[in-house]
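Undergrad:
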Amino acid sequence: TRPLVEVRDLKMHFPIHAGLLRRQIGAVRAVDGVSFDIREGETLGLVGESGCGKSTCGRAVLRLYDITDGEIVIDGKAIGHEDQNSLRHVRPTMQMVFQDPQASLNPRMTVARIISEPLDEHTKMSGAEKRARVLELMDKVGLNPTFASRYPHEFSGGQRQRIGIARALALNPKFIVCDEPIAALDVSIQAQVVNLLEELQDELGLTYLFISHDLSMVRHIADRVAVMYLGKIAELAPRDDLYAQPLHPYTQALLSAVPEPDPAQSDNQGERIVLRGDVPSPANPPDGCNFCTRCPAVMDVCRRIDPDFREVTPGRYVACHLYDPEHGGTAPEQTGGA
Ligand code: SF4
Ligand code: MG
């Protein structure tokens, strides 16, 4: 069956203007040719350091921007180049849970109004029906329905994120982009919110794109993981394969810095890999492989030719010449997880 979400060669470039005439002198290539699928009911983790383009990617997939290039298909509908008016019809299907519940909730609106706003916009429900739906949603996300007429500031950070989740669920979406949904919360309540998201996924059959810089968290929640660097996906693999045997040198470096939950069980007991230099500017990425300025395994070809994002064993995709026989690399052994 067809995946619920299909993204092909997505590009999101932001023009840079300068001078009195505001002439365009370049572009920030925040997302620069990203492809992935997400199956119905699946969680794809999208990980990377801050500034790698993962949030922009999540927003672009939901068409919160006019994209520069590429195609996005959600639930069989191509939405990459639809105008905002035509997008109205698909908006209910796809929703977002934001990082900072404080900033994404209107402080002047009661919880009931915040949660029913999408119902006002997209349904013809009566006031009584909306009221009932709000109480049902509050109950579903673990908020006491008797608090419906309170304001966001009267809730804790974790409860505010529950309000954001209730609002995202109001229209029965199939696909939710969760953009660092727990990064702004106290560590003590992060697990509760993650557990809630997982319960809701099971109960409602939701499909998630889960964006995070936290590789330990993503290991817990994702079925497959995509690692992003400087606007591109370096590697995409089933979760267990990725953590047991990272293929891309960038993934290897990232994972070498993550504490092992159970070192005895892991193949990944190497030393921490410290990358030289800084991430280049997305306004001026290097020629060839975008990781070539920092890669411990860099070869001559890397500075000339941008590696294709290829399926190197079933279900594992890597953009790196090390695994491309055409450029002197060797295909990795199959790990069998796919
Ligand atoms: Fe490193 Fe070359 Fe692979 Fe890029 S293509 S990650 S520079 S080995
Ligand atoms: Mg971000």
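Heads up, the sequence shown is in the UniProt record's numbering, so the first residue is 2 and it goes up one at a time.
Quick reminder that beta carbons are idealized off the backbone N, C-alpha and C, glycines included.
As the structure is a computational prediction, the values presented were derived from the model and not from experiment.
#1: May I ask you to verify whether the region 87-95 touches the region 36-51, counting CB pairs closer than 8 Å and requiring at least 3?
#2: Got a sec, what are the start and stop residues for the alpha helix (DSSP H) Cys58 sits in?
#3: Would a C-beta distance cut-off of 9 Å place Arg163 and Val188 closer than the cut-off?
#4: Buried or exposed, going by whether 16 or more other CB atoms sit within 10 Å of the CB of Ala31?
#5: Using the C-alpha atoms, what's the distance from Leu21 back to Asp38?
#6: Is it the case that the region 6-13 contacts the region 67-78, given that we only count it when at least three CB pairs across the two stretches are under 8 Å?
#7: When the distance is taken between beta carbons, is Gln100 closer than 9 Å to Ala28?
#8: Report yes if the C-beta of Val280 is less than 8 Å from at least one heavy atom of the ligand ADP; otherwise report no.
#9: Applying the criterion that 16 or more other CB atoms from any shown protein chain within 10 Å of the CB defines a buried residue, is Val8 buried or exposed?
#10: Just tell me which of Pro182, Asp309, Val275 and Gly232 has its CA closest to the CA of Gln253.
#11: Is it right to say Glu130 is buried, meaning 16 or more other beta carbons lie within 10 angstroms of its own, or is it exposed?
#12: Rounded to whole angstroms, what is the Cα-Cα separation between Pro281 and Asp301?
TA: Considering the structure as presented:
#1: In short, these stretches do not touch, since the Cβ pair count stays below three.
#2: For Cys58, the enclosing alpha helix (DSSP H) has its first and last residue at Lys55 to Val62.
#3: No.
#4: Classification for Ala31: buried.
#5: Using only the alpha carbons, I get a separation of about 43 Å.
#6: Here the region 67-78 makes contact with the region 6-13; the two share three or more CB pairs at distances below 8 Å.
#7: No, these two residues do not count as a Cβ contact at 9 Å.
#8: Within the structure as shown, the ligand ADP is missing, the only ligands being the ligand SF4 and the ligand MG.
#9: With 16 or more other Cβ atoms within 10 Å, it is buried.
#10: Cα-wise, what sits closest to Gln253 is Val275.
#11: Classification of Glu130: exposed, given that the 10 Å Cβ count is below 16.
#12: Rounded to the nearest whole angstrom, the CA to CA distance from Pro281 to Asp301 is 19 Å.
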